[in-house]
Amino acid sequence: MTLTITLIIMVMAIGVAVFTARNKVTESRIQLNEVRHEQAFEAAESGLEYAVAQIRKNPAVGSMSFNLASAQVAGAQTSFTVTSTEDAVTFSNSSGETVIYPVAKLSATGTSEDGSTTEVHRQTLVVTPVVNAGPASPLTVGGNMTVGGAFSVGANPNGGGRGVPVSIWMSEPVNLSGNVKTCGQQEFVGGDCTSAVYSSKDNPGIDVVDGDPAFPSDLFAYTFGISSTNWQDIKSDASYLLSNCNALTGAETGLIVVEGDCDLKVNMGSQTNPALILVVDGDLTLNANKSYYGVIFSFHTSDTVVTDFKANGAASMNGAIIANHDVAISNGTFGVRFDELALGNVTTSSSFQRVWRLPGSWRDW
């Protein structure tokens, strides 16, 4: 009897041991599968991030179709392959115009360390200009403007429609003080803005659009597509983040955000490689015999901010100047000319493109 009971207990003990061992093996397999899944998941995400970085570096149309593997990436810690396919989407903007934006459809396959598990992640990127639309006027002011010294403006010949010039666009009634003259492109380039004047201190013409009820209430949002209350979001699109303009050499292009005073002592940009300088709550100084290509936006984050705008000597702006506040331009001789080529490159050049992750486009199947 005792032997029988002992045998039964031994059999039961062996059964429990076998059951426990099987459970442990199963648990180990589950844990290993989870680890492999996590490795593959992280590898796929890593592949997406490398592809996004490559597109952000060069978002030009025609450059967003490519294949990328972890073996091509120095220092890659995971195993992945990525295929990027370029496409396009069509939207209607706030003006009712049809615009086409390039997109990149990414498909990343991540592999676990032992190669037994794979994960496929997909994401769609949309490339849009940092600037919503190129300025229609060489000088746009969301406030009042006073001018000291000599000031000339070369109009946008088609700013108000084909053959309708626009030189100045303001939210408030204009008061052309000082020696202010506006004229056509040919006269401005020829240095003779007095021979065929559109507007002057005593005779404002149709090229000066002032007190416009359609003037945007948020000039920052009108320009960048981002509310002025969220202006810091634009920093993620900047090529340079500065506290002043002292280090600028003139060769910089793209969006330059300056949080502080900007004393531009160098020739800045060119028609081919213009700059978009956003001066935040800081004084702006354009210096004698220096030329600037692109857009300068003097931005106040609140109505209580007070800054100076100085133009020393014969400073020349080729493109557009924008301010969301009252402007008093003092000193010297200053000219601003609407430069269609420079402004066109501000909206189309790869240096001025914003890469978005299309909301809802990420998936893992």
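Using this note's numbering, the first residue of the sequence shown is number 5, and each one after it goes up by one.
Even for Gly, the Cβ is constructed at its ideal location relative to N, Cα and C.
None of the values given here were measured: they were computed from a predicted structure.
Here residue 367 is bridged, per DSSP, to 126.
The beta carbon of residue 360 sits closer than 7 angstroms to those of 129, 130, 132, all from its chain and outside the five residues before and after it, given in chain order. Here the alpha carbon of residue 57 sits roughly 11 angstroms from the alpha carbon of residue 50.
For residue 133, the beta-bridge partners assigned by DSSP are 357. Secondary structure of residue 44 (DSSP, three-state): helix. Residue 188 counts as buried, since no fewer than 16 other beta carbons sit within 10 angstroms of its beta carbon. Between the C-alpha atoms of residue 171 and residue 263 there is a straight-line separation of about 28 angstroms. Selection 349, 68, 84, 91 evaluated against residue 44 yields 84 as nearest (Cα-Cα).
C-alpha of residue 273 to C-alpha of residue 244: approximately 14 angstroms in a straight line. Collapsing the DSSP output to three states places residue 174 in a strand. Here residue 293 is exposed. Its C-beta has fewer than 16 other C-beta atoms within 10 Å.
Shortest Cα-Cα distance from residue 143 to any of 347, 352, 356 involves 347. Here the alpha carbon of residue 295 sits roughly 10 angstroms from the alpha carbon of residue 269. When DSSP assignments are scanned along the stretch 221 to 287, the uninterrupted stretches of beta strand (DSSP E) that are 3 or more residues long and fall wholly within it turn out to be 244 to 246, 258 to 263, 266 to 268, 279 to 284. Residue 356 is positioned such that its CB atom lies no closer than 7 angstroms to that of residue 328.
Sequence-distant Cβ neighbours of residue 82 in its own chain, meaning closer than 7 angstroms and more than five residues away, are 46, 47, 50, 74, 114.
Rounded to the nearest angstrom, the Cβ distance from residue 340 to residue 313 is 12 angstroms, too far for a contact under 8 angstroms. Residue 190 and residue 199 have their C-alpha atoms roughly 11 angstroms apart.
For the options 337, 165, 315, 96, the alpha carbon positioned closest to that of residue 141 is the one of 165. Just measuring C-alpha positions, the residue of 155, 217, 231 sitting nearest residue 185 is 155. By the neighbour-count criterion, in which 16 or more other beta carbons inside 10 Å mark a residue as buried, residue 112 falls on the buried side. DSSP, reduced to helix, strand and coil, places residue 210 outside both helices and strands of the structure shown, so it counts as coil. With a threshold of 16 other beta carbon atoms within 10 Å, residue 123 meets it and is buried.
If you compare the alpha carbons of 86, 275, 240, 236 with that of residue 255, the shortest gap goes to 275. Looking at the DSSP output, residue 109 sits in a beta bridge with 89, 128.
Separation of residue 238 and residue 230 (C-alpha to C-alpha, rounded to the nearest whole angstrom) is 8 angstroms. In the displayed model, residue 116 falls within coil according to three-state DSSP, outside both helix and strand.
Using a Cβ distance threshold of 7 angstroms, residue 338 and residue 315 count as a contacting pair. For residue 71, the three-state secondary structure derived from DSSP is strand. Per the DSSP secondary-structure output, residue 187 pairs in a beta bridge with 158, 201.
A straight-line Cα-Cα distance of about 15 angstroms links residue 343 and residue 319. Distance from the CA atom of residue 193 to the CA atom of residue 225, rounded to whole angstroms, is 32 angstroms. Going by C-alpha positions, residue 250 is about 9 angstroms away from residue 265. Excluding five sequence positions before and after residue 284, the CB atoms of its chain that fall closer than 6 angstroms to its own CB belong to 263, 303, given in chain order. Under DSSP, the beta-bridge partners assigned to residue 322 are 297, 341. Excluding sequence positions up to five before and after residue 358, its CB lies within less than 6 angstroms of the CB of 132, 134, 241, all in the same chain and listed in chain order.
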